[in-house]
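Q:
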Amino acid sequence: MAHPLLEVSELSRSFGGICAVNSLSFRIEAGGITGLIGPNGAGKTTVFNLITAVYRPSSGAILLDGHDLAGKRPYEVVRAGVARTFQNIRLFGRLTCLENVMTPICARGAHGRFAALFRTPSVRNEERRARESALSTLDALGISDTANLIASTLPYGLQRKLEIARALACNPRLLLLDEPAAGMNDAEMSELGDTIVRVRQNFDVTIILIEHHIKLVMGICTNLVVMERGALLAEGKPNDIQNDERVVAAYLGRPRASGGKKRHV
Amino acid sequence: MDYLLNIVMLAGINMIAVLGVAVFTGFTGLFSLGHAAFVGIGAYTSGVLTYHWNAPFFLAILAGMAVTGVSSLIIGIPTLRANLRSDYFAITILGFGEALRVSLENLSITNGARGLSLDELSHPAWVFGALAVSVLLTRNFLKSRFGAMFMAVREDPVAAEMAGINLFRTRLLSLVVSAVLCGLSGALLAHRLAFIQPVMFTMTQSTQLLATVIAGGMGSMSGPLIVSFIFTSMPEALRWLNMWRLPAYGLLLVLIMIYRPQGLLGYREVPSLLRGGLEKWRIRFSR
Numbered sequence: 000m001a002h003p004l005l006e007v008s009e010l011s012r013s014f015g016g017i018c019a020v021n022s023l024s025f026r027i028e029a030g031g032i033t034g035l036i037g038p039n040g041a042g043k044t045t046v047f048n049l050i051t052a053v054y055r056p057s058s059g060a061i062l063l064d065g066h067d068l069a070g071k072r073p074y075e076v077v078r079a080g081v082a083r084t085f086q087n088i089r090l091f092g093r094l095t096c097l098e099n100v101m102t103p104i105c106a107r108g109a110h111g112r113f114a115a116l117f118r119t120p121s122v123r124n125e126e127r128r129a130r131e132s133a134l135s136t137l138d139a140l141g142i143s144d145t146a147n148l149i150a151s152t153l154p155y156g157l158q159r160k161l162e163i164a165r166a167l168a169c170n171p172r173l174l175l176l177d178e179p180a181a182g183m184n185d186a187e188m189s190e191l192g193d194t195i196v197r198v199r200q201n202f203d204v205t206i207i208l209i210e211h212h213i214k215l216v217m218g219i220c221t222n223l224v225v226m227e228r229g230a231l232l233a234e235g236k237p238n239d240i241q242n243d244e245r246v247v248a249a250y251l252g253r254p255r256a257s258g259g260k261k262r263h264v
Numbered sequence: 000m001d002y003l004l005n006i007v008m009l010a011g012i013n014m015i016a017v018l019g020v021a022v023f024t025g026f027t028g029l030f031s032l033g034h035a036a037f038v039g040i041g042a043y044t045s046g047v048l049t050y051h052w053n054a055p056f057f058l059a060i061l062a063g064m065a066v067t068g069v070s071s072l073i074i075g076i077p078t079l080r081a082n083l084r085s086d087y088f089a090i091t092i093l094g095f096g097e098a099l100r101v102s103l104e105n106l107s108i109t110n111g112a113r114g115l116s117l118d119e120l121s122h123p124a125w126v127f128g129a130l131a132v133s134v135l136l137t138r139n140f141l142k143s144r145f146g147a148m149f150m151a152v153r154e155d156p157v158a159a160e161m162a163g164i165n166l167f168r169t170r171l172l173s174l175v176v177s178a179v180l181c182g183l184s185g186a187l188l189a190h191r192l193a194f195i196q197p198v199m200f201t202m203t204q205s206t207q208l209l210a211t212v213i214a215g216g217m218g219s220m221s222g223p224l225i226v227s228f229i230f231t232s233m234p235e236a237l238r239w240l241n242m243w244r245l246p247a248y249g250l251l252l253v254l255i256m257i258y259r260p261q262g263l264l265g266y267r268e269v270p271s272l273l274r275g276g277l278e279k280w281r282i283r284f285s286r
């Protein structure tokens, strides 16, 4: 039986008395772009943190390609094929963009400690290959001209792209993007949308995207998972979701019986 | 001339230990108020070997480095496990340093608080050779993928882990490298001064090592090396100030913190600085 790329089943996580994720189940098939949406505080980022083992689930299971991720540490999840970006950008600020993207490649590098001490030819070769690979990843995101700039000096939009480039350098099968368009204007956002679609094809990854910009979500997602208060609210194609009463209610509030003022988002 | 050579040799020996702390604090972003303990372990291991058993100097140095490396593992394995809390280590090493001093003062093999009188085996060739090899190998190591991982861990441990880095192993590796360098420095120091005493390896010395790295610049090798040289030779140059030497030294640190909070060469190296400076001028003139 073919496994879905990601299967989340009965996943729960509470912090003290607050149940951030409550018995959440969904499946992601390989190949698409899934939007994980929901009102603020619905538990979307917590789901990302659970998948990447930043938090341990209180109960439930996460299966990547049929393999349970339980008990793995974050770096092991990365090696199993999951990479992510962060809601509040987390770059290696004082390193150059190229070094940022080279880091995941270095992390899975082959040369040993003693070879490193003596900088043997194999070390230098590996370094050259890592550099080339990192450059081509930067190139794929259209930011190769920033390679030698210090990451923290980049404008916001480019920092977001750099973070995606660094995540891609992990060679993921599943890429989790946490609000990649936060703080972007319409033009930047539509360009980012194109980039994400292109990345999905070129790198052959499956993407899950947390995003509040409905325009971007509707534009590029092939599938949506809607959360509310830690639980699954709806799942399906973007068009169906858009007309789903429960979703509309979660975002806009329920329509009053008579003459109630419309609430704005 | 002998006097000058003596100072330069002491500076060289100190630079090796500073290099170790630079790897740990400057490149990996972990703080330690106890690296002098590693210097002490290197000094005493090698000292005991040459004093009691007439061990060849080279072997004594190697043993000093090995024992230091192993002790850093013993402290590091339990304390560096807490992934996002690096303060456990800082506190443990502080206690370890004190425990070491008390042990050294009470063991008979170390001759207790009276100290060990050793032969002056650290000839200039040893000191400068060791310094050159240390600088070269450390530079290689920091340029390698391990150095890249150290810096990623320093910049953002959470993001580093999500880049596939095993935080614990990376930090532990950095600790062992830094401890072994401190051990080497200790072995050379013991056989340079020809006398070691437990009080030579206490928190005061640890603080000084840390201050040197911070003043020289985090994430830089050459900065701390330069400052280490200045700090070791300055108390000599300021000898005429007598008891005001230490306040002067403190004042210098305060001034550095005020006017160059990133340290002398924060996140830069001398060669790249020269290249960068040239480049900047070229751009300025071409515009």
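Residue numbers (numbering that gives the first Met the number 0), protein chains in the order written: chain P, 0 to 264; chain C, 0 to 286. In this text, a Cβ means the ideal position worked out from N, Cα and C, and glycines have one as well.
What ranges does the beta strand (DSSP E) occupy inside the segment 173–251 of chain P, keeping only unbroken runs of at least 3 residues that lie completely in it?
A: DSSP runs (the beta strand (DSSP E)) wholly in the segment 173–251 of chain P: 173–177, 205–209, 222–227, 230–235.
Q: List, in chain order, every chain C residue whose beta-carbon is nearer than 7 Å to that of C105 (chain P).
A: Within 7 Å Cβ-Cβ: R144, A147, M148.
Q: Got a sec: is the Cβ-Cβ distance from M161 (chain C) to anything in chain P below 8 Å?
A: Output row for M161 (chain C): interface = yes.
Q: Count the other CB atoms, across all protein chains shown, that sit within 10 Å of the CB of G94 (chain C); report buried if there are 16 or more and exposed otherwise.
A: When all chains shown are included, G94 (chain C) counts as exposed.
Q: S121 (chain P): buried (16+ other C-beta within 10 angstroms of its C-beta) or exposed?
A: Exposed: under 16 other Cβ atoms inside 10 Å.
Q: With 8 Å set as the bound, which would you pick, yes or no: does the beta-carbon of Y74 (chain P) sit closer than that to a beta-carbon of chain C?
A: Judged by the 8 Å Cβ criterion, Y74 (chain P) is in contact with chain C.
Q: At what residues does the beta strand (DSSP E) containing A19 (chain P) begin and finish?
A: Run containing A19 (chain P): 17–27, per the beta strand (DSSP E) assignment.
Q: Taking the straight line between their C-alpha atoms, what separation do you get for T119 (chain P) and T102 (chain P)?
A: In a straight line, the C-alpha of T119 (chain P) is about 20 Å away from that of T102 (chain P).
Q: Using 10 angstroms around the beta-carbon of M242 (chain C), count the other beta-carbons present and answer buried if the total reaches 16, otherwise exposed.
A: Flag for M242 (chain C) reads exposed.
Q: For the beta strand (DSSP E) that T33 (chain P) lies in, which residues bound it at each end?
A: 32–36 is the span of the beta strand (DSSP E), which, as asked, contains T33 (chain P).
Q: For I40 (chain C) and D203 (chain P), what's the separation of their Cα atoms in angstroms?
A: C-alpha separation (whole angstroms): 53 Å.
Q: If we define contact as Cβ-Cβ less than 8 Å, is I15 (chain C) a contact residue for chain P?
A: Output row for I15 (chain C): interface = no.
Q: State the Cα-Cα distance for the pair G146 (chain C) and A41 (chain P), rounded to the nearest angstrom.
A: Each residue's Cα considered, the two are about 40 Å apart.
Q: Per DSSP, L115 (chain C) is paired with what?
A: According to DSSP, L115 (chain C) bridges with C:I195.
Q: Three or more C-beta pairs under 8 Å: does that hold for the segment 133–144 of chain P against the segment 96–113 of chain P?
A: Verdict: yes, contact present.
Q: If the cut is a Cβ gap below 7 Å, which residues of chain P does I213 (chain C) touch?
A: What I213 (chain C) touches in chain P: nothing, since even the nearest Cβ is about 15 Å away.
Q: Between A114 (chain P) and the rest of its own chain, which residues show a CB-CB distance below 7 Å, the 5 nearest in sequence each way excluded?
A: Hits under 7 Å: S121, V122.
Q: Give the residues of chain P in contact with Y266 (chain C), contact being defined as C-beta atoms less than 7 Å apart.
A: R93, listed in chain order.
Q: Apply the 10 Å Cβ neighbour rule to T152 (chain P) and answer buried if 16 or more other Cβ atoms are within range, or exposed otherwise.
A: With fewer than 16 other Cβ atoms within 10 Å, it is exposed.
Q: With a threshold of 8 Å on Cβ separation, who are the neighbours of L58 (chain C) within its own chain once the five nearest residues in sequence on each side are excluded?
A: Only L48 meet the Cβ criterion.
Q: Put L140 (chain P) into one of helix, strand or coil per three-state DSSP.
A: Coil.
Q: At the 8 Å Cβ level, is H110 (chain P) part of the contact set with chain C, yes or no?
A: Closer than 8 Å to some Cβ of chain C, the Cβ of H110 (chain P) qualifies, so yes.
Q: So L23 (chain P) and G229 (chain P) are in contact, right, with Cβ under 8 Å, and what is the actual spacing, rounded?
A: The Cβ separation is near 7 Å, so the contact holds.
Q: Go ahead and label K236 (chain P) buried or exposed: buried means 16 or more other beta carbons lie within 10 angstroms of its beta carbon, across all protein chains shown.
A: By the neighbour-count rule (16 or more Cβ atoms within 10 Å), K236 (chain P) is not buried but exposed.
Q: Have a look at Y248 (chain C) and A181 (chain P) and give me their C-alpha separation to the nearest angstrom.
A: Approximately 49 Å, taken between the alpha carbons.
Q: What is the DSSP secondary structure of A189 (chain C), counted as helix, strand or coil?
A: Helix.
Q: In this structure, what does DSSP give as the bridge partners for T95 (chain P)?
A: Answer is P:I149, bridged to T95 (chain P).
Q: Run through chain P and tell me which residues come within less than 9 Å of N165 (chain C), C-beta to C-beta.
A: Per Cβ cutoff of 9 Å: R72, Y74, E75, A106.
Q: Would you mind telling me which residues of chain P sit closer than 7 Å to L136 (chain C), beta carbon to beta carbon, in chain order?
A: Those within 7 Å of L136 (chain C) in chain P are L116.
Q: Which residues of chain P have a Cβ atom closer than 9 Å to the Cβ of F140 (chain C), listed in chain order?
A: The contacting residues are R112, A115, L116, R118.
Q: Going by DSSP in three states, A35 (chain C) sits in which element: helix, strand or coil?
A: Helix, per DSSP.
Q: How would you label R238 (chain C), buried or exposed, when you count the other beta carbons within 10 angstroms and need 16 or more for buried?
A: With fewer than 16 Cβ atoms within 10 Å of its Cβ, R238 (chain C) is classed as exposed.
Q: So the candidates are C:F56, C:F23, C:Q196, C:F88; which of them puts its Cα closest to the Cα of S45 (chain C)?
A: Of the candidates C:F56, C:F23, C:Q196, C:F88, the one whose C-alpha sits nearest the C-alpha of S45 (chain C) is C:F56.
Q: Using DSSP's beta-bridge definition, name the partner residues of A82 (chain P).
A: In DSSP, A82 (chain P) forms a bridge with P:L174.
Q: How should Y2 (chain C) be labelled, buried or exposed, when 16 other C-beta atoms within 10 angstroms of its C-beta is the threshold for buried?
A: It is exposed - the Cβ of Y2 (chain C) has fewer than 16 other Cβ atoms within 10 Å.
Q: Taking C-beta pairs closer than 7 Å, name the residues in chain C that E98 (chain P) reaches, listed in chain order.
A: The contacting residues are A147.
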